[in-house]
Amino acid sequence: MKKTGSILALTLALVTALSGCGGTTTPSSVPAQPQSSAAASQTSSQSADSSSAASQPASAQSADKPVVPDFTLESSSGKKVSLSDYSGKVVVLNFWASWCVYCKKELPDFQKLNRELQNSKDVVLLLLDQTDGQTETKQKGDAFLKDNGYSFLNLYDSGTVSSDIFGVTGYPTTVVIDKQGRFSSYVSGMTSYEKVKSMIAEAM
């Protein structure tokens, strides 16, 4: 893995491990880290909070903002989409799956945001459906979005981005990348329209 990918994975892996709905893949490149009792207590608290309220965003310090490696994934329409296609824009990534309860609860807020961003020259929203070929398939994800009238740009991610680059192991997780292509902030667990808007403003 590239060095920047390792940094991003280490930034997110421990926080997302017990948040949201849990994950279907475990990043082999992220070394296991022992937790102190205080850290373990905090992680448990975050996990509990995600089931009842939106999680709080966490921001990277200016000096600790690594550039996110480019990636290419297939969209629901069969088109190849790369992160570099949106160079110079703020990019919002939402890692989700159709079986994830909290993913589904927050999607109406993302649909509201998506409508606002349709003609934006500065910000783009990408949903990354966490497919494993069994629990979550392309067909299941597409059917869920269609049945609920969602119009997202949905990409299929079998761990290339969520696990290998960011070390995400719990869903939903939302990541914001700034206009320079650097990791800006993230939310592990369910979030809201207002919080994501504030994350976007911070990344501008």
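Using mature numbering (1 follows the signal peptide of the UniProt record, and there is no 0), the letters of the sequence shown map in sequence onto residues -21 to -1, 1 to 183. Note that the Cβ used here is the ideal one computed from N, Cα and C, for glycine as well.
Contact defined as beta carbons within less than 8 Å: I believe Val80 pairs with Arg161. What is the distance between those atoms, to the nearest angstrom?
Approximately 32 Å separates the beta-carbon atoms of Val80 and Arg161; this is outside 8 Å, ruling out the contact.
Are the beta-carbon atoms of Val71 and Leu124 separated by less than 8 Å?
Taking 8 Å as the Cβ cut-off, Val71 and Leu124 do not qualify as a contacting pair.
At least three beta-carbon pairs within less than 8 Å, the segment 78 to 98 to the segment 47 to 60:
no
Considering just the uninterrupted stretch of the beta strand (DSSP E) at Ile144, what are its terminal residues?
Neither: Ile144 is in no beta strand (DSSP E) and is coded neither H nor E.
Consult DSSP for Glu115 and reduce its assignment to one of helix, strand or coil.
coil
Is the separation between the beta-carbon of Met169 and that of Lys84 shorter than 8 Å?
Less than 8 Å divides the Cβ of Met169 from the Cβ of Lys84.
Kindly indicate the opening and closing residues of the alpha helix (DSSP H) around Lys44.
According to the DSSP assignment, Lys44 belongs to no alpha helix (DSSP H), since it is labelled neither H nor E.
Report the three-state DSSP secondary structure of Tyr81 (helix, strand or coil).
helix
Please classify Lys63: does DSSP put it in a helix, a strand, or coil?
In the sequence as displayed, the identity of residue 63 is Ser instead of Lys. DSSP places Ser63 in helix when its eight states are reduced to three.
Taking all protein chains shown into account, do 16 or more other C-beta atoms lie within 10 angstroms of the C-beta of Gln118, making it buried, or fewer, making it exposed?
exposed
Quick check on Gln109: does DSSP put it in helix, strand or coil?
strand
Sorted by chain position, which residues of the same chain lie with C-beta nearer than 6 Å to Asn98's C-beta, five sequence neighbours on each side aside?
none
According to the Cβ coordinates, are Ile144 and Val69 closer than 8 Å?
8 Å or more divides the Cβ of Ile144 from the Cβ of Val69.
Compute the Euclidean distance between the alpha carbons of Gly128 and Gly149, then round it to the nearest angstrom.
25 Å
One or two residues paired with Arg94 in a DSSP bridge:
Residue pairing of Arg94 in beta bridges, as defined by DSSP: absent, with no partner found.
Starting from Tyr172, trace the alpha helix (DSSP H) both ways and give me its first and last residue.
Element bounds for Tyr172: Tyr172 to Ala182.
Here's the rule: buried if 16 or more other CB atoms are within 10 angstroms of the residue's CB, otherwise exposed. What is Ser130?
exposed
Name the DSSP bridge partner or partners of Phe162?
DSSP lists Ile156 as the beta-bridge partner residues of Phe162.
Close beta carbons around Ser63, own chain, < 7 Å, minus the five adjacent residues each side:
Excluding five sequence positions before and after Ser63, the CB atoms of its chain that fall closer than 7 Å to its own CB belong to Asp49, given in chain order.
Roughly how many angstroms lie between the CA atoms of Lys59 and Glu173, to the nearest whole one?
Answer to the nearest angstrom: the Cα atoms are 30 Å apart.
Within the same chain, show all residues whose beta-carbon is closer than 7 Å to that of Asn133, passing over the 5 residues directly before and after it, in chain order.
Ser54, Ser55, Leu106, Asp108, Gly120 and Leu124
Measuring only the C-alpha atoms, how far is Val175 from Asp101?
15 Å
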